[in-house]
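Below: the structure, in structure tokens.
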Amino acid sequence: MRTVLRRIAAMIPTLLGVIVLIFLITRVLPGDPARTLAGENAADSVVDKLREDMGLNKPLWQQFFDYCAGLFQGDLGFAWHTGRPVAEDFATRFPATVELALAALLIGILIGIPLGILGAMYRGRLADHVARVVALVGASMPLFWLGLLVISLFYGTLGWAPAPIGRIDDSMNPPTTITGLYVIDSILTGDMAALGSVLAHLFWPAMVLSVGAIAIISRMTRSAMLEVLGQDYIRTAQAKGMGPGKVIGGHALKNAAPSIVTIVGLELGQLLGGAVITETIFSWPGVGNYVVQSINATDYAPVQAMTLLAAVIYLVVNLLVDVSQGIFDPKVRNA
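All letters in the sequence shown, in the order written, are residues 80 to 414 by the numbering used here.
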């Protein structure tokens with residue numbers, strides 16, 4: 080508990096630094112939010128009134144003070160291009176981003192970990208070469224290019240994928256909202272027709288988003304497994320006649336788990352914050368797509384809120400990863 084409290088306290092100066100940087104960076108972005116919102120042909124008096132309403136006529140230090148005061152009250156600001164508070168926009172869009180990121184992470188785990196284990200077990204052989212090529216291709220492939228390729232091939236040419244618009248077919252009603260995650264809500268409400276449509280829409284963007292995670296998780300799993308497989312107790316287990324399944328599952332994988340859990344946790348934070356490109360390409364109604372629209376409208380508040388949210392998620396995930404290390408390694412738990 081003391082370690083957890085110490086880590087939480089250490090997050091505070093990091094968060095304060097992030098808040099200052101977010102504010103300053105958004106203020107140096109090119110463009111005038113008031114002019115963008117009013118339109119290029121609007122009268123100067125209209126633009127000045129909008130600038131006053133948005134608080135942009137105040138000195139920079141006062142804008143920063145107002146921003147911080149709002150954050151302490153749970154106010155993320157007002158999205159002028161949607162006409163709603165940012166918190167309300169986030170509440171409607173954040174579950175879509177979480178669902179996409181979790182699906183991508185699940186794919187990354189299901190493919191990346193077995194691939195890394197195979198690479199370590201058959202080091203220098205065909206399986207290892209295949210795993211390394213997959214990791215290299217996944218790490219170097221641009222997401223926007225892969226997304227466009229998937230849409231063109233599987234939707235445009237083969238017709239296997241649904242139209243890359245939204246989370247469910249336009250002809251169907253979304254499942255009754257319980258968690259906001261359509262897959263879980265469809266299961267909880269027993270709406271199997273909606274579940275099929277939701278999974279079909281979720282699969283392709285999740286596959287695209289998971290490519291980077293597959294590459295990193297497989298590489299880290301391979302490295303961790305290679306280190307463990309070289310230990311004396313593994314050779315002793317093999318000498319005692321234990322089968323490969325028992326050696327790998329009962330000994331090697333258990334001891335390599337801390338490194339694998341660390342990279343999986345970090346990937347979750349990365350996927351949540353980095354889904355902007357995938358959401359934009361697939362017209363996924365998540366926070367990433369919303370932020371892109373906000374940037375186009377030169378709307379400060381949503382961009383600030385998303386950046387801050389990504390930083391908080393990353394810090395919290397890091398904390399959870401550190402705490403989880405104690406489950407696998409007693410030395411960490413007692414430190």
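We treat Cβ as the ideally placed atom computed from N, Cα and C, and that holds for glycine. None of the values given here were measured: they were computed from a predicted structure.
What residue does the alpha helix (DSSP H) around residue 363 start on, and which one ends it? Position 284 of the sequence shown, counted from the first residue, corresponds to residue 363. In this chain, residue 363 is not harboured by any alpha helix (DSSP H), its DSSP state being neither H nor E.
Option in 172, 212, 111, 349 with minimal Cα separation from residue 395: Residue numbering aside, residue 395 sits at position 316 when the sequence shown is read from its first letter. The shortest C-alpha separation from residue 395 is found at 349.
When we look at the beta-carbon of residue 177 and count the other beta-carbons within 10 Å, is it buried (16 or more) or exposed? Locating residue 177 in the sequence shown gives position 98, counting from the first residue. Answer is buried; the Cβ neighbour count reaches 16.
So, is residue 404 buried or exposed, given that buried needs 16 or more other C-beta atoms within 10 angstroms? The sequence position of residue 404 within the sequence shown is 325, counting from 1. Label assigned to residue 404: buried.
Bridge partners - residue 157, DSSP secondary structure assignment: On the sequence shown, residue 157 is found 78 positions in, with the first residue counted as 1. Beta-bridge analysis with DSSP links residue 157 to 164.
Collapsed DSSP secondary structure at residue 212 in the structure displayed: Looking up residue 212 in the sequence shown gives position 133. Correct three-state label for residue 212: helix.
Select from 315, 156, 399, 143 the residue whose C-alpha is nearest the C-alpha of residue 418. Limits of the chain in this structure are 80 at one end and 414 at the other, which puts residue 418 out of reach.
What is the C-beta distance between residue 256 and residue 264, in whole angstroms, given that I count them as a contact (C-beta under 8 Å)? Here residue 256 refers to the residue found at position 177 of the sequence shown. Here residue 264 refers to the residue found at position 185 of the sequence shown. Sure, about 6 Å apart at Cβ, within 8 Å.
Any idea what DSSP makes of residue 248, helix, strand or coil? In the sequence shown, counting from the first residue as 1, residue 248 sits at position 169. Residue 248 falls in the coil class under three-state DSSP.
Contact defined as beta carbons within less than 8 Å: I believe residue 383 pairs with residue 105. What is the distance between those atoms, to the nearest angstrom? The count along the sequence shown starts at 1 and reaches residue 383 at position 304. The count along the sequence shown starts at 1 and reaches residue 105 at position 26. Going by Cβ atoms, the distance from residue 383 to residue 105 rounds to 5 Å, so yes, they are a contact pair.
Can you grab the Cα-Cα spacing for the pair residue 136 / residue 344, in whole Å? Here residue 136 refers to the residue found at position 57 of the sequence shown. Here residue 344 refers to the residue found at position 265 of the sequence shown. Rounded to the nearest angstrom, the two C-alpha atoms are 42 Å apart.
Going along the chain, which residues of its own chain have a beta-carbon closer than 7 Å to the beta-carbon of residue 380, five neighbours each way excluded? Counting from 1 along the sequence shown, the entry for residue 380 is found at position 301. Here the set comprises 155, 156, 157, 158, 165.
If I'm right that residue 289 touches residue 186 with Cβ under 8 Å, what's the distance once you round it to whole angstroms? Position 210 of the sequence shown, counting from 1, holds the residue named residue 289. Position 107 of the sequence shown, counting from 1, holds the residue named residue 186. Indeed, because the Cβ distance is near 4 Å, the residues count as touching under 8 Å.
Going by CA-CA distance only, name the one from 122, 358, 81, 139 that's closest to residue 107. Along the sequence shown, one-based indexing puts residue 107 at 28. Of the candidates 122, 358, 81, 139, the one whose C-alpha sits nearest the C-alpha of residue 107 is 139.
Buried or exposed (CB count within 10 angstroms, at least 16 for buried), residue 85: The residue labelled residue 85 in the question sits at position 6 within the sequence shown. Its Cβ having fewer than 16 others within 10 Å, residue 85 is exposed.
Taking residue 183 as the reference, give the member of 312, 199, 280 with the closest Cα. For the purposes of this step, residue 183 is taken as the residue at position 104 of the sequence shown. For the residues 312, 199, 280, the minimum Cα distance to residue 183 belongs to 280.
Compute the distance between the beta-carbons of residue 115 and residue 357, then report whether it is under 8 Å. What you label residue 115 is simply residue 36 of the sequence shown in a count that begins at 1. What you label residue 357 is simply residue 278 of the sequence shown in a count that begins at 1. No, the pair does not count as a contact, with Cβ atoms beyond the cut-off.
Where do the N-terminal and C-terminal ends of the alpha helix (DSSP H) with residue 317 fall, by residue? For the purposes of this step, residue 317 is taken as residue 238 along the sequence shown, with counting starting at 1. That run of the alpha helix (DSSP H) goes 311 to 318.
Quick check on residue 304: buried or exposed, where buried means 16 or more other Cβ atoms within 10 Å of its Cβ? Along the sequence shown, read from residue 1 onward, the residue named residue 304 stands at position 225. Answer is buried; the Cβ neighbour count reaches 16.
Near residue 271, what residues of its chain come up, given a Cβ to Cβ distance below 8 Å and the 5 sequence neighbours on each side ignored? Indexing the sequence shown from 1 puts residue 271 at position 192. For residue 271, where only same-chain residues beyond five positions count, the Cβ hits under 8 Å are 265.
Tell me whether the beta-carbon of residue 370 lies closer than 8 Å to the beta-carbon of residue 385. Start at 1 with the first residue of the sequence shown, and residue 370 comes out as number 291. Start at 1 with the first residue of the sequence shown, and residue 385 comes out as number 306. Cβ distance < 8 Å, so residue 370 and residue 385 count as in contact.
If we count the other Cβ atoms within 10 Å of its Cβ and call it buried at 16 or more, is residue 300 buried or exposed? By 1-based counting over the sequence shown, the position of residue 300 is 221. For residue 300, the number of other beta carbons within 10 angstroms of its own is at least 16, and it is reported as buried.
Is it right to say residue 212 is buried, meaning 16 or more other beta carbons lie within 10 angstroms of its own, or is it exposed? One-based indexing of the sequence shown puts residue 212 at position 133. Under this definition residue 212 is an exposed residue.
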